Structure formats: structure tokens, C-alpha cells
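Participant:
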Amino acid sequence: GYLSAMCLCRAPDIFHVAVAGAPVTSWDGYDTHYTERYMGLPTENPNGYRESAVFDHVPNMRGKLLLVHGLIDENVHFRHSARLVNRLIAAGKDYDLLLFPDERHSPRRLRDRIYMEQRISDYFVRHLGTA
């Protein structure tokens, strides 16, 4: 999810459509055990945290973004997507949002997985066309 969102924002001439599933949007709001092992503390590496956050790159986005998130995700909390949506709105960027109220980081129920995969497939066909 993080890489999809970041590619759309940092390389808008190359990436035109992205699906970001439960994206980390700012590393200062993710699991400190994992993040600080690679990035150090936010106070020691403020530039690294700022540059690696999707937020500051949103104004560059020109493509289509589908955000997908389970509302009971205990790995990447929904606030990551919510904060990104706030930045997208502030920048006047279009986005689409697919929420799963009873799912975690990735839908596990067969019904939800089928629905998600169909929506993702339809999204790419609609915005990229068919070969």
C-alpha cells in the first residue's frame, strides 16, 4: 500500500493508477519496533521521516488512487488512510475509497476477498483500459 501511494505521488509521469491497500502513510505512526530499527527515532531523523511520508508528496499526484482499508486493522491503523484522505482533500485530488468494516489488514472472508478483487480489477480496467 505504501509503495503504491508513494509511486503515484513521486513518479506521476510513470504511474497513472494505483491501489493502496492499508497503506502506511507516515512512519511516525507505525510500529516503533519495526520502524525505528531502520529509521532511528523521529527526533534523530526528522528529514527521513518527512521525506518518507506520503503526505508531503500528495500535491504531485495526478493519477487515480483507490484506497482499500479494513476498519479493524491492528497492523496499519485506519488513521493512516484517514490522514491521507485529509491531505488529498486539501490538495483537491480525486481518490476512491473501499472500506471493509469487519476486516483487518487484508480481507479474510471469502465474500469480502472476492468483492475486493473484483473492485480492484474493475478499477484498473476503467482507468487503464484493456490491451
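Heads up: take any position in the sequence shown, counting from 1, add 17, and you land on the working numbering. Just so you know, even glycine gets a beta-carbon here, dropped at the ideal spot from N, CA and C. Nothing here was measured: the structure is a model prediction, and the numbers come from that model.
(1) Okay, do the stretch 55-62 and the stretch 127-144 touch, 3+ Cβ pairs below 8 angstroms being the bar?
(2) With DSSP as the reference, please indicate the residues paired to F117 in a beta bridge.
(3) Are the beta-carbon atoms belonging to L83 and D113 less than 7 angstroms from one another?
(4) Run the CB neighbour count on Y104, radius 10 Å, all protein chains shown included, and call it buried at 16 or more, exposed below.
(5) Do V36 and S21 count as a contact pair if the criterion is CB distance below 7 angstroms?
(6) Using three-state DSSP, classify A108 as helix, strand or coil.
(7) Look at the alpha carbon of Y19 and the alpha carbon of F72, and state the distance between them as a whole number of angstroms.
(8) Under the DSSP definition of a beta bridge, which residues are partnered with G38?
(9) Apart from the five residues just before and just after D45, which ones in its own chain have a Cβ nearer than 6 angstroms to its Cβ?
Facilitator: Result, derived from the coordinates:
(1) No: the two stretches stay apart, fewer than three of their Cβ pairs being nearer than 8 angstroms.
(2) By DSSP's assignment, F117 forms a beta bridge with G87.
(3) Yes, the Cβ-Cβ distance between L83 and D113 is below 7 angstroms.
(4) Looking at the sequence shown, residue 104 is not Tyr but Arg. R104 counts as buried, since at least 16 other C-beta atoms from the protein chains shown sit within 10 angstroms of its C-beta.
(5) Taking 7 angstroms as the Cβ cut-off, S21 and V36 qualify as a contacting pair.
(6) Three-state DSSP puts A108 in coil, outside helix and strand.
(7) The straight-line gap from Cα to Cα measures roughly 11 angstroms.
(8) The bridge partners DSSP lists for G38 are V85.
(9) In the same chain as D45, and ignoring 5 residues on each side of it, the C-beta atoms closer than 6 angstroms to its own belong to P59, Y66, in chain order.
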